[in-house]
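Data first, discussion second: the structure below is written as structure tokens.
In structure tokens, the structure reads:
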């Protein structure tokens, strides 16, 4: 047993965990903004997939990774607007709208990938992001290689959590967002435009999900594959619940999930436990459901989540 | 200034029920026509191939009908669940586990031949039903969001199936991740000679009739709708909400499981990685297009069967990626959702002058 533990828990393990957490953190925080404004964004899986495609393609043709990230964010924001048209302007079922958005975005991702690249023998790839060692900080033992010798996007993800907490709890916009999500009528009476806030939240949500998707096709991997997201978006929805709709707790949920995912990858690779590798692939999903079962009974979602808002109807 | 606003309608006129899905489909085809153009093909030509290829010979018509059978069943599965607002996005997984259940029975050497088909159907439906009952249990008991659990369970059952196909069920000769074939006498009977029209197609049609009857004429059907429309009122009226949702899940999962049985026992005679081409997710689109009406699901499923089979022919002859079919599904779901607005609302144009 000791041998397994030593093999698993090395510095490299925790560095890998942070890398796994990064795209999930972007997408989870994105989902959190949408849900705190009162809209469940089930488009997440499709938005991540489409952004992974647009980000990768842009980087492929322009040679600029950061332009790729910008394209991915734009893709997500546009998808967010579409979600807003359906759920805010038309007040349609958030469940069905989100699933429709995921289907549409996934279809578009595959469609345009084929239109752009055809069916080449070997999938096209890019020179993906390289880790950037932060001076001084990277030399700290253990913590340095785990946190400070990572992709630039990882640092953004680490800053994103306190930034989100600040925006949500310390700025007027954050107050408006939370009020719109808890009590849209009160917000409306106070002169806050419910629709405007929800559109803004959805665009921000989509842009962050976009970065999450693009991280996978541009940093974690160097190519777009059809299975690049494979359920990660759905997991993020669960992580928001597990994180009780708070930025710090959601970040903790992401780290816990990433820990488990990194662990299963290590165990899979070390081959010390003799079970089919698919069982390891299954593990994160099983654990997500268990996590949900543990917290959901006491979970307090934003009161106006799933509720469309129409001024004249009370 | 011209203002548009939504106004509640008192009653939905009957012709709208037919007009809306048609309008939604037409809008979808127009929107997706833009994509065909981007892909560098002639829009009308591509659509002509798409729609005609699925229907241009007796053989192709039968194939389209055969393809529609699992879609009818997953569409029904979603429709029943959504009526109770049990958000079952897990028809995909319930389909897979149903197919596995059928193959498990169909490969048993000890069973008498006559018992195989009924046992396969029963096992597959039960497996699908129980797989759907799990998220329903978590929803009613622990308030776990059903959308997330049903989605995650799809991945779990898929990886479980792959472990099975890579392990105990692996074909020792080919080494492919395909299960062993079911026994010859376990195969669904063919209904029309020299075609692939199998028993599963008949079962799908019967299921549509049965579900229509269930939802319209039985107490359970009434209870399912009551719980979906207003759970608090349904509880006041004496319905046991937990029980209704559990039964809904069993029925819904059973229907999706039956779809898997049909594909395994009527078409492929085994389980393999690609046995479901997103039937569970397409079922959502079909159910919505049919406005959750069990009888409307049959034409909606036929329509998407045409799209899915036709897209391949279109792709071969015009070079437009086959994934157009997926885009059409997503777009149709959205346009239908918007079209549904007009059943309960009308757009009122009012002119107001600035003072």
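Chains as they are written, first to last, in our numbering: chain A, 1 to 314; chain B, 315 to 669. Ideal Cβ positions, reconstructed from N, Cα and C, are used throughout, including at glycine.
Quick one: what's residue i bridged to in DSSP?
i	result
residue 132 of chain A	A/150
residue 586 of chain B	B/492
residue 512 of chain B	B/504
Residues of chain A with a CB under 7 Å from the CB of residue i: which are they?
i	result
residue 637 of chain B	107, 110, 111 and 114
residue 353 of chain B	115
residue 593 of chain B	Going along chain A, no residue has its Cβ under 7 Å from residue 593 of chain B, so there is no contact; the nearest lies around 13 Å.
residue 657 of chain B	Neighbours of residue 657 of chain B on chain A: none; closest Cβ ~12 Å, over 7 Å.
residue 644 of chain B	100, 103, 104 and 107
residue 425 of chain B	In chain order: nothing, as chain A lies at least about 28 Å away.
residue 330 of chain B	Residues of chain A passing the Cβ test: none, with the nearest at roughly 17 Å.
residue 334 of chain B	Chain A residues near residue 334 of chain B: none, gap ~14 Å exceeds 7 Å.
residue 364 of chain B	Near residue 364 of chain B there are no residues of chain A at all, since even the closest Cβ is about 14 Å away, more than 7 Å.
Starting from residue i, find everything on chain A with Cβ-Cβ shorter than 8 Å and list it in chain order.
i	result
residue 641 of chain B	104, 107, 108 and 111
residue 652 of chain B	86, 90 and 92
Please compile the residues from chain B whose C-beta is within a distance smaller than 9 Å of the C-beta of residue i.
i	result
residue 292 of chain A	452, 456, 458, 459, 462, 463 and 466
residue 241 of chain A	458, 459 and 462
What in chain A is Cβ-close to residue i, meaning under 9 Å?
i	result
residue 598 of chain B	96, 99, 100 and 103
residue 586 of chain B	The premise fails here: residue 586 of chain B is roughly 15 Å from chain A at the closest Cβ pair, so nothing lies under 9 Å.
residue 414 of chain B	Chain A residues near residue 414 of chain B: none, gap ~14 Å exceeds 9 Å.
Run through chain B and tell me which residues come within less than 7 Å of residue i, C-beta to C-beta.
i	result
residue 237 of chain A	462
residue 297 of chain A	456 and 457
For residue i, return the contacting residues in chain B, with the cut-off set at a CB-CB distance below 8 Å.
i	result
residue 19 of chain A	Per Cβ cutoff of 8 Å: no residues; residue 19 of chain A is ~21 Å from chain B at best.
Stretch-stretch touch, CB-based, cutoff 8 Å, three pairs: the stretch 388 to 403 of chain B with the stretch 448 to 466 of chain B: yes
Short-range partners of chain A found in the stretch 459 to 475 of chain B, where Cβ spacing is below 7 Å: 459, 461, 462, 463, 465, 466, 469, 470, 473 and 474
Segment contact, 8 Å Cβ cut-off, at least three pairs: the stretch 197 to 207 of chain A with the stretch 70 to 89 of chain A: yes
At least 3 beta-carbon pairs within less than 8 Å: the stretch 26 to 38 of chain A vs the stretch 229 to 246 of chain A: Segments in contact, yes.
Members of the stretch 559 to 580 of chain B that neighbour chain A once the beta carbon cut-off is set at 9 Å: Of all residues in the stretch 559 to 580 of chain B, none places a beta-carbon less than 9 Å from a beta-carbon of chain A.
The stretch 259 to 289 of chain A: positions lying closer than 7 Å to chain B by Cβ: Sequence-ordered contacts of the stretch 259 to 289 of chain A with chain B read 276, 278, 279, 281, 282, 285, 286, 288 and 289 [C-beta pairs closer than 7 Å].
Sufficient close CB pairs (3 or more, under 8 Å) joining the stretch 105 to 125 of chain A to the stretch 219 to 226 of chain A: yes
Near-chain B residues of the stretch 221 to 234 of chain A - C-beta to any C-beta below 8 Å: 230, 231 and 234
contact_flag[the stretch 581 to 600 of chain B, the stretch 380 to 396 of chain B] where n(CB pairs < 8 Å) is 3 or more: yes
Inside the stretch 435 to 499 of chain B only - alpha helix (DSSP H) runs reaching at least 4 residues: 460 to 480
Completely contained alpha helix (DSSP H) runs for the stretch 218 to 246 of chain A, where each covers 4 or more residues: 232 to 242
Interfacial residues, the stretch 473 to 501 of chain B to chain A, with Cβ spacing under 7 Å: 473, 474, 476, 477, 480 and 481
Members of the stretch 37 to 55 of chain A that neighbour chain B once the beta carbon cut-off is set at 9 Å: 40, 42, 45 and 46
Cβ pair count under 8 Å reaching 3, the stretch 522 to 531 of chain B against the stretch 606 to 614 of chain B: yes
Members of the stretch 378 to 406 of chain B near chain A, C-beta cut-off 8 Å: 401 and 403
Every unbroken alpha helix (DSSP H) inside the stretch 370 to 430 of chain B [4 residues or more]: 372 to 397 and 405 to 420
Contact list for the stretch 172 to 206 of chain A against chain B, Cβ threshold 9 Å: none
In chain order, each alpha helix (DSSP H) run of at least 4 residues that lies wholly inside the stretch 538 to 607 of chain B: 545 to 550, 555 to 577 and 593 to 603
Within 9 Å of chain A by C-beta, residues of the stretch 602 to 615 of chain B in sequence order: 602
Entirely enclosed alpha helix (DSSP H) segments - the stretch 85 to 136 of chain A, minimum 4 residues: 94 to 117
Segment contact flag, the stretch 430 to 437 of chain B with the stretch 494 to 507 of chain B, C-beta cutoff 8 Å, min 3 pairs: yes
Three-pair Cβ contact test at 8 Å for the stretch 187 to 201 of chain A versus the stretch 263 to 276 of chain A: no
Near-chain A residues of the stretch 336 to 349 of chain B (beta-carbon distance less than 8 Å), N- to C-terminal order: 349
Stretch-stretch touch, CB-based, cutoff 8 Å, three pairs: the stretch 409 to 417 of chain B with the stretch 570 to 583 of chain B: yes
Given 8 Å, three or more beta-carbon pairs between the stretch 168 to 180 of chain A and the stretch 40 to 50 of chain A: no
Given 8 Å, three or more beta-carbon pairs between the stretch 100 to 110 of chain A and the stretch 637 to 653 of chain B: yes
Minimum length 4: unbroken alpha helix (DSSP H) runs contained in the stretch 325 to 361 of chain B: 328 to 352
Segment contact, 8 Å Cβ cut-off, at least three pairs: the stretch 286 to 294 of chain A with the stretch 235 to 245 of chain A: yes
Inter-stretch contact at 8 Å, needing at least 3 Cβ pairs: the stretch 624 to 634 of chain B / the stretch 354 to 368 of chain B: yes
Short-range partners of chain A found in the stretch 527 to 549 of chain B, where Cβ spacing is below 8 Å: none
Validate contact between the stretch 578 to 587 of chain B and the stretch 482 to 496 of chain B using beta carbons, cut 8 Å, 3 pairs: yes
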